[in-house]
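2 protein chains.
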Amino acid sequence: MSKKIVIVGGVAGGATAAARLRRIDEDSHIVMFEKGEHISFANCGLPYYIGEVIQDREALLVQTVEGMSQKFNLDIRNLTEVTAINREEQTVTVKKVQTGEEYTEAYDELILSPGARPVVPPIQGLNEAENVFTLRNVPDTDRIKAWVDEQKPEKAVVIGGGFIGLEMAENLHHRGVDVTVVEMADQVMAPLDPEMAAIVHEEIRGKATLILEDGVKSFSDNGNKITLQSGEILESDLTILSIGVRPENELAVSADLNVGERGGIIVDEELRTEDPHIYAIGDAIEVKDYVQQTPTMVPLAWPANRQGRIVADNIYGKSTKYKGTLGTAIAKVFDLTVAATGNNEKTLRQLDAPYESVHVHPMSHAGYYPGGSSISLKLTFNPNNGEIYGAQGVGVDGVDKRIDVIATAIKGGLTVYDLQELELAYAPPYSSAKDPVNMLGYTASNIADGELKVVHFDEIDDIVREGNMLLDVREVEEVEMGDISGSTNIPLGQLRDRLSELPKEEPIYITCKVGLRGYLATRILKQSGFDAINLSGGYTTYANVQN
Amino acid sequence: MSKKIVIVGGVAGGATAAARLRRIDEDSHIVMFEKGEHISFANCGLPYYIGEVIQDREALLVQTVEGMSQKFNLDIRNLTEVTAINREEQTVTVKKVQTGEEYTEAYDELILSPGARPVVPPIQGLNEAENVFTLRNVPDTDRIKAWVDEQKPEKAVVIGGGFIGLEMAENLHHRGVDVTVVEMADQVMAPLDPEMAAIVHEEIRGKATLILEDGVKSFSDNGNKITLQSGEILESDLTILSIGVRPENELAVSADLNVGERGGIIVDEELRTEDPHIYAIGDAIEVKDYVQQTPTMVPLAWPANRQGRIVADNIYGKSTKYKGTLGTAIAKVFDLTVAATGNNEKTLRQLDAPYESVHVHPMSHAGYYPGGSSISLKLTFNPNNGEIYGAQGVGVDGVDKRIDVIATAIKGGLTVYDLQELELAYAPPYSSAKDPVNMLGYTASNIADGELKVVHFDEIDDIVREGNMLLDVREVEEVEMGDISGSTNIPLGQLRDRLSELPKEEPIYITCKVGLRGYLATRILKQSGFDAINLSGGYTTYANVQN
Ligand SMILES: Cc1cc2nc3c(=O)[nH]c(=O)nc-3n(C[C@H](O)[C@H](O)[C@H](O)COP(=O)(O)OP(=O)(O)OC[C@H]3O[C@@H](n4cnc5c(N)ncnc54)[C@H](O)[C@@H]3O)c2cc1C
Ligand SMILES: Cc1cc2nc3c(=O)[nH]c(=O)nc-3n(C[C@H](O)[C@H](O)[C@H](O)COP(=O)(O)OP(=O)(O)OC[C@H]3O[C@@H](n4cnc5c(N)ncnc54)[C@H](O)[C@@H]3O)c2cc1C
Ligand SMILES: CC(C)(COP(=O)(O)OP(=O)(O)OC[C@H]1O[C@@H](n2cnc3c(N)ncnc32)[C@H](O)[C@@H]1OP(=O)(O)O)[C@@H](O)C(=O)NCCC(=O)NCCS
Ligand SMILES: CC(C)(COP(=O)(O)OP(=O)(O)OC[C@H]1O[C@@H](n2cnc3c(N)ncnc32)[C@H](O)[C@@H]1OP(=O)(O)O)[C@@H](O)C(=O)NCCC(=O)NCCS
Chain A
6 MSKKIVIVGG
16 VAGGATAAAR
26 LRRIDEDSHI
36 VMFEKGEHIS
46 FANCGLPYYI
56 GEVIQDREAL
66 LVQTVEGMSQ
76 KFNLDIRNLT
86 EVTAINREEQ
96 TVTVKKVQTG
106 EEYTEAYDEL
116 ILSPGARPVV
126 PPIQGLNEAE
136 NVFTLRNVPD
146 TDRIKAWVDE
156 QKPEKAVVIG
166 GGFIGLEMAE
176 NLHHRGVDVT
186 VVEMADQVMA
196 PLDPEMAAIV
206 HEEIRGKATL
216 ILEDGVKSFS
226 DNGNKITLQS
236 GEILESDLTI
246 LSIGVRPENE
256 LAVSADLNVG
266 ERGGIIVDEE
276 LRTEDPHIYA
286 IGDAIEVKDY
296 VQQTPTMVPL
306 AWPANRQGRI
316 VADNIYGKST
326 KYKGTLGTAI
336 AKVFDLTVAA
346 TGNNEKTLRQ
356 LDAPYESVHV
366 HPMSHAGYYP
376 GGSSISLKLT
386 FNPNNGEIYG
396 AQGVGVDGVD
406 KRIDVIATAI
416 KGGLTVYDLQ
426 ELELAYAPPY
436 SSAKDPVNML
446 GYTASNIADG
456 ELKVVHFDEI
466 DDIVREGNML
476 LDVREVEEVE
486 MGDISGSTNI
496 PLGQLRDRLS
506 ELPKEEPIYI
516 TCKVGLRGYL
526 ATRILKQSGF
536 DAINLSGGYT
546 TYANVQN
Chain B
6 MSKKIVIVGG
16 VAGGATAAAR
26 LRRIDEDSHI
36 VMFEKGEHIS
46 FANCGLPYYI
56 GEVIQDREAL
66 LVQTVEGMSQ
76 KFNLDIRNLT
86 EVTAINREEQ
96 TVTVKKVQTG
106 EEYTEAYDEL
116 ILSPGARPVV
126 PPIQGLNEAE
136 NVFTLRNVPD
146 TDRIKAWVDE
156 QKPEKAVVIG
166 GGFIGLEMAE
176 NLHHRGVDVT
186 VVEMADQVMA
196 PLDPEMAAIV
206 HEEIRGKATL
216 ILEDGVKSFS
226 DNGNKITLQS
236 GEILESDLTI
246 LSIGVRPENE
256 LAVSADLNVG
266 ERGGIIVDEE
276 LRTEDPHIYA
286 IGDAIEVKDY
296 VQQTPTMVPL
306 AWPANRQGRI
316 VADNIYGKST
326 KYKGTLGTAI
336 AKVFDLTVAA
346 TGNNEKTLRQ
356 LDAPYESVHV
366 HPMSHAGYYP
376 GGSSISLKLT
386 FNPNNGEIYG
396 AQGVGVDGVD
406 KRIDVIATAI
416 KGGLTVYDLQ
426 ELELAYAPPY
436 SSAKDPVNML
446 GYTASNIADG
456 ELKVVHFDEI
466 DDIVREGNML
476 LDVREVEEVE
486 MGDISGSTNI
496 PLGQLRDRLS
506 ELPKEEPIYI
516 TCKVGLRGYL
526 ATRILKQSGF
536 DAINLSGGYT
546 TYANVQN
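Each protein sequence line maps, in turn, to chains A and B. Add 5 to a position in the first sequence, counting from 1, and you land on the number used in the working numbering. Add 5 to a position in the second sequence, counting from 1, and you land on the number used in the working numbering.
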């Protein structure tokens, strides 16, 4: 019972679906339409080719039309746009991009994987600006790279501090261009909470100019001048507009298929739209947040690839459910790795979920082995049952590993208690006998068990202002290098002998470098009858945000 | 109800227990006996200090007696050996190492964390050999380092190719010494299966001499000559004896506590010996294999640290079970990372468990982004239900991450099917849109589902010899660089057009570079009515073993 299957879009989701369809059934007629010239290219590599980190343009083309047609016996029609879906007839109308020629093609099953396109708001002066680019595909890449190669821009402005924007900032910097990043929000990289983003801000500021809470009002001088909402004027020889993407839902909408609030095509767990013969996958669809099962949109390559395989299975009756997207994401931002999985605090607050968070700053590997560096990790969880909601990590080394381990733990339904039990590979070049993820587990479990009371970096100034006691248990020399104003210093080693200096009737807030000694101090104080509360992440988390 | 707690051994397990005991109860009297001078030192860093990778000796001393006494209010008595346990009286007899002075100390609860000592067999000539060392603690380290610094050995022999032996080989090589590794078994690193160890052998042979299946018969010339069982004679200016460790069980045995077949102290899930007031942890105990729940011994730092915390909780009534040891282990061997978790094939065969395995050789990160390298991964699993038994990885980069993810998956009770679902962090510098762990999941699931039949590297020569057809689907140029003798080449792209060249009545075995194209070929053939069987890991796994 071979079928005729038509696929719209020939890159991450579409090409993966085509390959898997062929593996399942040798006789299907599989037609893959792609409006662009290239199929199956490495979208994610594009910024690095502009940056000349990737030198070989061919390397971006994972499969060619010819190669893939042959390998998988596919009917690939590139430079051909699908312009309408005729649901009753089960056909699509297509147009050859180069000639304008139109025809229809019948399908038994239709898969939509049209992706998402860069958001381009109607900014004044944009049409006249020749040096403003968006980045989605190989032609975009060729255009930007040619501009850099030929025009040799001195100054570039990247509008939007998301993953693609920051990758472009890094790569343009790598090409010797002086980069300014302009971001409307008060932080870059939305998957991070502000105190984690603050670390990234510092990194960016070491290599480029960062303007937050400001947006573009207009372009002038053919794009060479950018006026911001604040009135500030930037000069730019090259501007990248990377303020987000929106789903390519036009085909679906005009075929009367449901789309969600933010425009994502609505599909069921089997990735089927309301039309039983039309499936949709990838950046164009609305998915469920894996943790909360609420609707969301996650334009990333893993979901597109995964859905591509699942849709093929479902078409051939190997029923497989897509269980939602965790949104595990990562980017290299200059010398930092920035990664996140699951729900951050901002999301949890919006959802009004019961949550708590912990911050730790362990070494990427054993402190006594050279080359290690401190990584900042944040875990969000449900303090009532230990359920893990998500995690964020920022650091030079070992961040990807810890986020992957936590993403795995979430998919395994593990709790913060179980994170203590993870038996991770330890030798000095790789980790510590208690891995950073174990530390998150210990710290979060102590909170969930009520063994440790914590406050957070954004509460402590108010707490001190209200006259509460903040005890800094670091050594005197550490305090001299910077402290939270209003704190009192008693080094941990002296604490047991100086308990008489502390008030018994009021809460005592405690800080140290990362939270560990503060925790030890809370244990001592609690058992001596004090009400002790630790500053999560210690001075390190606090100071990150001050920058 | 504070207690008097006596701890035997002041390093990984003992010091961790002491710290946690104090955190739980401020008033306990905690006495920690350590027969050596140092407590809480970085055992795992010792080889690297000898190699001068770690330059600062102080860095090895995680806590000092004075510092830890003060921080945790402990009664630490180093250079004091516990020589007997008097169970009836609940006392231990101790002897001061320097003076010989003896006394007894009472306990409410006793924790044994005496560790394991290097195995030293009674080899002829060993007593006269001045240049033969074992490595366990700081004095051993000082002795070996002084020998290297002062005697400037040209040739060293490392006897035993386990983790410590190979770390020593690497570090002595790093000091400019010409190293020979002698291993009795036919492979180094017992946690690996032979085809994975073969990759390590090649790496070692690039930097040192490797002698397998041979052991030391005798030392002569004050240790400067080593005669092997085979009759071969090695010259050595420095010899490291690292053929394994055995539990320090003498105290337990003479107190009539049960020990297992291999000498490990027997404890229950709460780490209690048969005496309700005596607990034992760390290298000295027998544990349960996490996957099979069979008895085993795993002398590693994570278990010792984890058990140290659990024992403290149990003593103070926070009942916590130790659920067994996965044995996740890792080592840097010259430029390779070698890691494993759970059960390997050798173990599964011994246990007669139903198992299958897969090999993949994906890139550590996206192939088009510079700096990636291929990693060899092996997964063992139950083909009947997809249960994951274990994994092994060897490669330059990204091995630790994948093994940690799989270790987490095992602890989460995930199956090979679930490995497909792991949403791991992807950007080109870190991974691929389908992570290597996803690939293991896909490949293993296909086998478990009966979609893919496989044979293994160690079966294929016989299969060809018996006259079966082995089809190599790589490109002609690849085959020219090396192939399995007796194979027939039809590149994958031509396969559909050349089916008539293949026999329908007999099985067709297929090979390619890593197994992927072979899998694609099996799909084509199967659906055209052939019986197609893929060589797991392809020519890469096969060729690794030929070296
Ligand atoms: C610069 C850049 C960097 C990225 N980096 C990362 C990263 O590091 N990690 C990560 O996880 N993700 C990254 N992504 C996102 C990732 O590439 C996408 O999530 C993924 O490609 C989505 O797959 P898709 O199949 O839904 O859409 P796409 O891969 O975009 O493919 C859709 C295709 O459909 C075609 N199409 C659309 N409409 C029609 C039509 N009507 N007819 C015919 N063809 C049509 C389009 O031309 C397009 O080629 C990046 C994306 C970009 C642009
Ligand atoms: C060179 C080397 C490298 C290693 N590398 C790694 C690695 O990379 N990764 C890893 O996971 N593990 C590694 N290990 C193993 C790890 O160090 C041990 O598993 C861990 O230290 C075991 O902890 P323990 O408390 O059981 O024993 P130990 O840490 O050995 O402590 C036991 C202590 O008890 C003392 N003691 C014994 N008997 C008595 C007595 N009767 N009275 C008083 N004191 C006594 C001993 O002197 C000893 O100091 C390495 C070990 C060595 C030696
Ligand atoms: C290139 C592309 C067409 C590949 O699709 P694919 O064939 O499904 O994926 P892969 O090449 O990774 O191969 C995976 C298949 O090989 C199998 N496989 C992988 N390694 C194997 C091995 N060593 N032995 C046996 N089988 C193996 C897997 O089981 C899987 O098959 P299955 O789905 O039938 O189970 C598609 O991923 C693509 O177009 N990618 C580029 C676009 C993109 O993803 N962009 C975003 C990221 S930059
Ligand atoms: C040094 C040593 C005494 C430390 O023991 P420890 O205090 O249990 O361990 P750590 O210093 O890692 O601290 C862990 C504790 O701090 C807490 N903690 C860690 N980071 C924290 C943070 N940022 N905020 C709050 N609490 C934190 C953890 O919850 C845990 O406390 P808990 O067990 O009460 O829950 C012991 O591990 C040791 O001797 N190590 C050297 C020997 C060794 O392990 N050798 C083998 C490897 S080389």
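Glycine included, each C-beta is placed from N, C-alpha and C at the ideal position. Being a predicted model, the structure only gives us computed values, none of them experimental.
- Within 10 angstroms of the Cβ of Y108 (chain A), are there 16 or more other Cβ atoms? Answer buried if so, exposed if not. exposed
- Please list the partners that I408 (chain B) has in chain A, where partner means a Cβ-to-Cβ separation under 9 Å. L429, A430
- Query: If you measure from the beta carbon of L341 (chain B) to each beta carbon in chain A, is any gap under 8 Å?
  - Reply: no
- Task: Identify every residue that forms a DSSP beta bridge with M474 (chain A).
- Result: A:I513
- Indicate, with yes or no, if ligand 4 has a heavy atom lying under 7 Å from the CB of S45 (chain B). yes
- Query: What residue does the alpha helix (DSSP H) around Q312 (chain B) start on, and which one ends it?
  - Reply: 306-320
- Message: By DSSP's criteria, Q397 (chain A) is part of a beta bridge. Which residues make up the other side?
- Response: A:A345, A:K383
- Message: Is D536 (chain B) a contact residue of ligand 6, with contact defined as CB to any heavy atom under 7 Å?
- Response: The model on display carries ligand 1, ligand 2, ligand 3 and ligand 4 but not ligand 6.
- the region 378-388 of chain A / the region 436-448 of chain A touching (three or more Cβ pairs under 8 Å): yes
- Which of helix, strand or coil does DSSP assign to Q192 (chain B)? coil
- Item | Continuous alpha helix (DSSP H) stretch holding A526 (chain A): start and end | 521-532
- Answer with yes or no whether the minimum CB distance from L65 (chain B) to chain A is below 8 Å. yes
- Item | Identity of the residue in B:I248, B:L243, B:E291 nearest L262 (chain B) by Cα | B:E291
- Message: Could you tell me which whole beta strand (DSSP E) segments of length 3 or greater appear in the region 188-258 of chain B?
- Response: 214-217, 221-225, 230-233, 238-240, 243-246, 250-252
- Since P434 (chain A) meets chain B, which of its residues come closer than 7 Å, beta carbon to beta carbon? K337
- Buried or exposed: T299 (chain B), going by 16 or more other Cβ atoms within 10 Å of its Cβ? exposed
- With DSSP as the reference, label E392 (chain A) as helix, strand or coil. strand
- Query: At least one CB of chain A closer than 8 Å to the CB of T413 (chain B): is that the case?
  - Reply: yes
- Message: Cβ closer than 8 Å: which chain A residues qualify as neighbours of V58 (chain B)?
- Response: Y374, P375
- Per DSSP, which residues does D294 (chain A) bridge with? Please list them. A:T330
- Item | Top-ranked residue by Cα proximity to N136 (chain B), from B:E114, B:A121, B:E159, B:G523 | B:E159
- Query: According to DSSP, is K9 (chain B) helix, strand or coil?
  - Reply: strand
- Message: Can you confirm whether R28 (chain B), when its beta carbon is compared against all beta carbons of chain A, has any partner nearer than 8 Å?
- Response: yes
- If we call anything under 8 Å between Cβ atoms a contact, is E86 (chain B) one with K157 (chain B)? no
- Going along chain B in order, which residues have a C-beta closer than 9 Å to the C-beta of I529 (chain A)? R27, R28, E31, N78
- Query: Using the beta-carbon count (16 or more within 10 Å), is R354 (chain A) buried or exposed?
  - Reply: exposed
- Of all the options A:L246, A:N539, A:K230, which has the alpha carbon lying nearest to the alpha carbon of I149 (chain A)? A:L246
- Contact belief for G498 (chain B) with A309 (chain B) at Cβ below 8 Å, rounded distance in angstroms: Not a contact, Cβ separation roughly 55 Å.
- Message: Please list, in chain order, the chain A residues whose beta carbon lies closer than 8 Å to that of L419 (chain B).
- Response: T413, K416, G417
- Can you find a CB in chain A that lies within less than 8 Å of the CB of D405 (chain B)? yes
- Chain-order list of residues whose beta-carbon lies under 7 Å from that of E240 (chain B) (same chain, five-residue window excluded): K160, N229, K230
- Task: Let me know the secondary structure DSSP gives V184 (chain A) once reduced to three states.
- Result: strand
- Could you work out which residue in A:D226, A:E483, A:G313, A:P127 is closest to L115 (chain A) when comparing CA atoms only? A:G313
- Buried or exposed: where does M201 (chain B) fall if 16 or more other Cβ atoms within 10 Å of its Cβ makes it buried? buried
- Item | Host beta strand (DSSP E) of H34 (chain B) (start-end) | 34-39
- Task: Report whether the distance from the Cβ of E42 (chain B) to the nearest heavy atom of ligand 2 is below 7 Å.
- Result: no
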